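Peer 1: Just dropping this structure here.
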């Protein structure tokens with residue numbers, strides 16, 4: 016029993032005084048649905064309309080009575096409101112929920128002199144280092160100082176030069192965060 020008291024005291028020493036306050040957590044931005052995501056659409060008390068649906072490459076989902084509905088680019092809350100409005104023509108006071116079951120729309124491509132070039136699912140904060148790790152690392156002849164991030168901005172492609180050795184040695188990983196749809200080229 017004494018060891019529990021000693022352990023608690025040790026934890027208190029490590030964690031510091033109990034009256035310190037943590038910084039408030041930043042509220043995360045609402046997730047935006049994208050192509051290839053999987054959604055659970057539930058209409059309360061109506062199993063015929065409730066289903067798990069994939070978001071097609073064109074950004075739409077197909078549901079009974081409603082046919083094709085735009086989902087990509089909306090938050091689950093926005094899609095819920097749209098589906099509720101549309102279903103109200105067919106169902107009295109529909110109660111709809113939209114849950115993102117699987118996220119597959121956050122992909123980056125890694126091409127060139129890496130061991131496993133391809134498209135990879137990434138989280139909301141993926142760095143160049145993360146992408147290289149997903150691709151199995153560099154090949155022997157990779158020109159790490161000549162890497163380029165290709166990013167679509169509207170209808171134009173922006174080229175962002177990236178010297179891997181400089182990024183890692185100076186700790187600039189936060190500067191080179193990848194966005195969904197980016198392509199990392201390793202010459």
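Numbering (the numbering used here), first residue to last: 16 to 202. Idealized CB from N, CA, C, for every residue including glycine. Quick caveat: nothing in here was measured; it's all calculated off a predicted structure.
#1: Going by Cα to Cα distance, which pick from 81, 79, 104, 112 is closest to residue 90?
#2: For residue 52, count the other beta carbons within 10 Å of its own beta carbon; 16 or more makes it buried, fewer makes it exposed. Which is it?
#3: Which partner residues does residue 105 have in the DSSP bridge list?
#4: Among residues of its own chain, excluding the 5 on either side of residue 80, which ones have a beta-carbon nearer than 6 Å to its beta-carbon?
#5: Opposite residue 122 in the DSSP bridges: which residues?
#6: Decide yes or no for the touch test of the region 86 to 102 against the region 124 to 143: beta carbon pairs closer than 8 Å, at least 3 of them.
#7: Can you tell me where the beta strand (DSSP E) with residue 115 in it begins and where it stops?
#8: Along the chain, where does the alpha helix (DSSP H) containing residue 145 start, and where does it finish?
#9: Using the Cα positions of residue 55 and residue 120, report the straight-line distance between them to the nearest angstrom.
#10: Specify the secondary structure class of residue 183 as computed by DSSP and reduced to three states.
#11: If contacts are defined as beta-carbon pairs under 8 Å, then residue 48 and residue 84 qualify, I think. What distance do you get, rounded to the angstrom?
#12: According to the neighbour-count rule (16 or more other Cβ atoms, all chains shown, within 10 Å of its Cβ), is residue 191 buried or exposed?
#13: Are residue 124 and residue 171 touching if we call contact CB-CB under 8 Å?
#14: How about residue 143 and residue 177: do their beta carbons lie closer than 8 Å?
#15: What is the DSSP secondary structure of residue 161, reduced to helix, strand or coil?
Peer 2: To lay it out plainly:
#1: Along the chain shown, read from residue 1 onward, the residue named residue 90 stands at position 75. The shortest C-alpha to C-alpha distance from residue 90 to any of 81, 79, 104, 112 is the one to 112.
#2: Along the chain shown, read from residue 1 onward, the residue named residue 52 stands at position 37. Buried is the call here.
#3: Against the chain shown, residue 105 aligns to sequence position 90. Looking at the DSSP assignment, residue 105 forms no beta bridge with any residue, so it has no partner.
#4: As a working mapping, residue 80 is identified with position 65 in the chain shown. Counting only Cβ-Cβ distances below 6 Å, and skipping sequence neighbours, we find 105.
#5: Locating residue 122 in the chain shown gives position 107, counting from the first residue. Looking at the DSSP assignment, residue 122 forms a beta bridge with 136.
#6: no
#7: For this step, residue 115 is matched to residue 100 along the chain shown. 111 to 117 is the extent of the beta strand (DSSP E) around residue 115.
#8: What you label residue 145 is simply residue 130 of the chain shown in a count that begins at 1. 143 to 149 is the span of the alpha helix (DSSP H), which, as asked, contains residue 145.
#9: On the chain shown, residue 55 is found 40 positions in, with the first residue counted as 1. On the chain shown, residue 120 is found 105 positions in, with the first residue counted as 1. If I take the Cα positions, the gap works out to 16 Å.
#10: Sequence index remark: in the chain shown, residue 183 carries index 168 (1-based). It is helical.
#11: Numbered from 1 along the chain shown, position 33 holds the residue referred to as residue 48. Numbered from 1 along the chain shown, position 69 holds the residue referred to as residue 84. About 11 Å separates the CB atoms of residue 48 and residue 84; that is not less than 8 Å, and the two are not in contact.
#12: As a working mapping, residue 191 is identified with position 176 in the chain shown. Classification for residue 191: buried.
#13: Position 109 of the chain shown, counted from the start, is the residue given in the question as residue 124. Position 156 of the chain shown, counted from the start, is the residue given in the question as residue 171. No. Outside cutoff.
#14: In the chain shown, the residue the question calls residue 143 occupies position 128. In the chain shown, the residue the question calls residue 177 occupies position 162. In this structure, residue 143 lies near residue 177, with their beta-carbon atoms less than 8 Å apart.
#15: For the purposes of this step, residue 161 is taken as the residue at position 146 of the chain shown. Look at residue 161 here: in three-state DSSP terms it is helix.
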